[in-house]
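In order, the protein sequences belong to chains A and B.
Counting in the numbering used here, the first sequence runs from 1 upward without gaps.
Counting in the numbering used here, the second sequence runs from 1001 upward without gaps.
See below for the structure under consideration.
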Amino acid sequence: MRPVADDVFLFTYIPEEEETILTDIPAEADLHHEFSSHFEKKMQKLIKHERRNKLRRILIQTAKVAMITILLLVIVNTALVCSVDAYREQFFKLVGSITVDYRQIPGSGEVPFCGTYNHTYGPSARATVKGEYVDSEHCYSCYQNTTSCTKCGHTVISRDLLLHDMKLSSAISNGSCQTWVYTCHNCGQKRATEIHPCYYDPLNRYCILPI
Amino acid sequence: MLYSSIIDTPQEKRKFEQIYEEYRQTMFFTAYRILHDSYEAEDAVQNAFLRIIDNLEKIDLTNRHKTKGFVVIVVENATIDLYRKKKRENAVSYDELSTWSACAETSDLDSKMHVHSVLQRLPIQYKTVLLLKYSHGYNNPEISEILRISEENVRQRIVRAKKKLSQMLEQEGES
């Protein structure tokens, strides 16, 4: 009867086969291969590379996976932002809005935003000051001055410009004036009011007051 | 070497050191018998040690015979994997590997029993799974961990091994 390789056959002959294989291998003491220093070094490193804390190993593995995931997301996102104009513009706007507070030197005079601005002060000679938003680009306010002429008592209305944008004010002038001069349209009386420091724009009759 | 395999506890470290001291020559002998190259054989031994670290809990050092058998199977498997990796361009087949198996044992063939001569000629990939299952008593999931192959692959190898063995026994019987 021919032998069949079923479980009974295998459980009988495979252990015997293993016995034969092991018998064919010389005893460890009879083998004298001199391992290379490279091999020994690596094996010693492997043996020393013991980690006692399994939790620590899991944490490190998790951190590695998280870092790789974040890195991949950053790469994909960067590629997307760089390749699509709309995303790129949106991105720079977002960065600009986040970092605006860090892009100016405190006390330099730059106002951190442009928009409706509630003035806490105004030119000292102004009896009535009305702040209003004029231009979103250069961020300045128009002051309406309503004061009386010292000679005829006529109400003098003028508009003064208060700049909050030092770049613009610097571009207009780097000097300063000590007085704000205006003329009463009724009697021609000229009045000088000290405003310090400021720059008087004679063309537009605006007083430019650095903050 | 990428240390994906890590020794977790001092006990495991001692166990690993003991295996290293007691079986590294045997492991080298086994690997060299297949590869005939000292440097490659050392590489194979290193790979085998990494696999042993992953399966330290399966090794019972009190049973030296079983431990030696296990270590030999692991190093044989690591060696074959290395061999196939090196020769990937030539796509080494099971038949080619079985040539080694037959050649290595040829000198003793005449003195072996009929069945053992057939088993010796069985391709080593098949013989490995049979040894782990029928001599060491591991189940398929455990064998898949030891050999780093899928459970499905283990199952297939066992089925094919049985089929091949039956064919060989039949041919041997006819001749």
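The C-beta atom is built at its ideal place from N, Cα and C for all residues, glycine as well.
This structure is a prediction, so every number in the text was calculated from the model and none was measured.
Counting only Cβ pairs nearer than 9 Å, list the residues of chain A close to residue i.
{"i": "V1072/B", "result": "E18, I21, L22, I25"}
{"i": "E1022/B", "result": "E28"}
{"i": "K1068/B", "result": "L22, I25, E28"}
Any idea what DSSP makes of residue i, helix, strand or coil?
{"i": "A5/A", "result": "coil"}
{"i": "E34/A", "result": "coil"}
{"i": "I1080/B", "result": "helix"}
{"i": "R1148/B", "result": "coil"}
{"i": "V84/A", "result": "coil"}
{"i": "Y1039/B", "result": "helix"}
{"i": "K1164/B", "result": "helix"}
{"i": "Q1125/B", "result": "helix"}
{"i": "I1059/B", "result": "coil"}
{"i": "A125/A", "result": "Low per-residue confidence applies at A125/A: pLDDT is 42, beneath 50, and the placement is therefore not dependable, though the value from the model is reported in the following sentence. Residue state, collapsed to three classes: coil."}
{"i": "H1136/B", "result": "coil"}
{"i": "K151/A", "result": "coil"}
{"i": "A79/A", "result": "helix"}
{"i": "T20/A", "result": "helix"}
{"i": "G188/A", "result": "coil"}
{"i": "A27/A", "result": "coil"}
{"i": "K1087/B", "result": "coil"}
{"i": "T1009/B", "result": "coil"}
What does residue i reach in chain B if we use C-beta pairs closer than 8 Å?
{"i": "K41/A", "result": "Within 8 Å Cβ-Cβ: nothing; K41/A doesn't reach chain B, min ~10 Å."}
{"i": "H91/A", "result": "First, the residue type needs correcting, since residue 91/A is Phe and not His in the sequence shown. Correct list: empty, because the minimum Cβ distance to chain B is about 38 Å."}
{"i": "L31/A", "result": "Q1025, T1026, F1028, F1029"}
{"i": "I47/A", "result": "I1007, K1013, F1016, E1017, Y1020"}
Relative to the C-alpha of residue i, which candidate in the options has its C-alpha closest?
{"i": "R1121/B", "options": "L1169/B, N1063/B, A1078/B", "result": "L1169/B"}
{"i": "Y1020/B", "options": "F11/A, I47/A, L31/A", "result": "I47/A"}
{"i": "N1077/B", "options": "T1026/B, Q1125/B, K1068/B", "result": "Q1125/B"}
{"i": "E1017/B", "options": "K1087/B, V1118/B, I1059/B, K1066/B", "result": "I1059/B"}
{"i": "H1065/B", "options": "V84/A, T23/A, L59/A, L73/A", "result": "T23/A"}
{"i": "E1040/B", "options": "E1057/B, R1084/B, N1063/B", "result": "R1084/B"}
{"i": "N1047/B", "options": "H1036/B, R1024/B, T1067/B", "result": "R1024/B"}
{"i": "L10/A", "options": "T1009/B, V1118/B, E1152/B, E1022/B", "result": "V1118/B"}
{"i": "I1053/B", "options": "I1080/B, D1037/B, P1010/B, L1131/B", "result": "P1010/B"}
{"i": "S1038/B", "options": "K41/A, K42/A, H33/A, E40/A", "result": "H33/A"}
{"i": "E1022/B", "options": "A1044/B, T1067/B, E1012/B", "result": "T1067/B"}
From residue i to residue j, what distance separates their C-alpha atoms?
{"i": "N1055/B", "j": "V1159/B", "result": "24 Å"}
{"i": "L1147/B", "j": "E89/A", "result": "54 Å"}
{"i": "K1086/B", "j": "V1129/B", "result": "22 Å"}
{"i": "L94/A", "j": "V76/A", "result": "18 Å"}
{"i": "D30/A", "j": "T12/A", "result": "30 Å"}
{"i": "R1157/B", "j": "K1127/B", "result": "9 Å"}
{"i": "Q44/A", "j": "L80/A", "result": "47 Å"}
{"i": "Q64/A", "j": "L55/A", "result": "Inspection of the sequence shows that residue 64/A is occupied by Lys rather than by Gln. C-alpha separation (whole angstroms): 14 Å."}
{"i": "S36/A", "j": "I25/A", "result": "22 Å"}
{"i": "F1049/B", "j": "T1062/B", "result": "19 Å"}
{"i": "R1155/B", "j": "H1114/B", "result": "27 Å"}
{"i": "R1051/B", "j": "I1149/B", "result": "12 Å"}
{"i": "L59/A", "j": "L71/A", "result": "18 Å"}
{"i": "E28/A", "j": "E1152/B", "result": "35 Å"}
{"i": "H1036/B", "j": "I1143/B", "result": "27 Å"}
{"i": "F91/A", "j": "T69/A", "result": "21 Å"}
{"i": "E1042/B", "j": "L73/A", "result": "41 Å"}
{"i": "I1034/B", "j": "P1123/B", "result": "13 Å"}
{"i": "K41/A", "j": "R57/A", "result": "24 Å"}
{"i": "S1107/B", "j": "E1057/B", "result": "Residue confidence is low: S1107/B scores 40 on pLDDT, short of 50, so the model does not pin down where it sits. No coordinate-derived value is stated."}
{"i": "E1172/B", "j": "N1139/B", "result": "30 Å"}
{"i": "A1044/B", "j": "M67/A", "result": "32 Å"}
{"i": "T62/A", "j": "T78/A", "result": "24 Å"}
{"i": "L1131/B", "j": "F39/A", "result": "29 Å"}
{"i": "T20/A", "j": "P1141/B", "result": "26 Å"}
{"i": "S97/A", "j": "S83/A", "result": "22 Å"}
Using a Cβ cut-off of 9 Å, pull out every chain B residue sitting near residue i, in sequence order please.
{"i": "S36/A", "result": "S1038, Y1039, E1042"}
{"i": "L55/A", "result": "Near L55/A there are no residues of chain B at all, since even the closest Cβ is about 11 Å away, more than 9 Å."}
Whose Cβ in chain B lies nearer than 7 Å to the Cβ of residue i?
{"i": "L10/A", "result": "L1130, Y1134"}
Taking C-beta pairs closer than 7 Å, name the residues in chain A that residue i reaches, listed in chain order.
{"i": "Q1125/B", "result": "Residues of chain A passing the Cβ test: none, with the nearest at roughly 15 Å."}
{"i": "S1166/B", "result": "V4, A5"}
{"i": "K1162/B", "result": "A5"}
{"i": "Q1156/B", "result": "Within chain A, no residue comes near Q1156/B; the closest Cβ sits about 15 Å away, beyond 7 Å."}
Quick check: does the Cβ of residue i come within less than 7 Å of any heavy atom belonging to the ligand HEM?
{"i": "E89/A", "result": "Judged by which ligands are present, the structure shown has none, so any question about the ligand HEM falls away."}
Name the chain A residues whose beta carbon is nearer than 8 Å to that of residue i?
{"i": "L1035/B", "result": "Simply none; closest approach about 13 Å."}
{"i": "L1119/B", "result": "Y13, I14, E17"}
Let me see if you follow: with CB-CB separation under 8 Å, is residue i close to chain D or not?
{"i": "L1131/B", "result": "Among the protein chains in the structure shown, which are A and B, there is no chain D."}
Note to self: For the structure I just gave you, are there three or more beta carbon pairs, one from the region 1154 to 1167 of chain B and one from the region 3 to 18 of chain A, closer than 8 Å?
What the structure shows: yes
Q: Check whether the region 1028 to 1035 of chain B touches the region 1065 to 1080 of chain B, counting contact only when three or more Cβ pairs, one atom from each stretch, lie closer than 8 Å.
A: yes
- Given 8 Å as the limit, is there contact between the region 9 to 17 of chain A and the region 1127 to 1145 of chain B, that is, 3 or more CB pairs closer than that? yes
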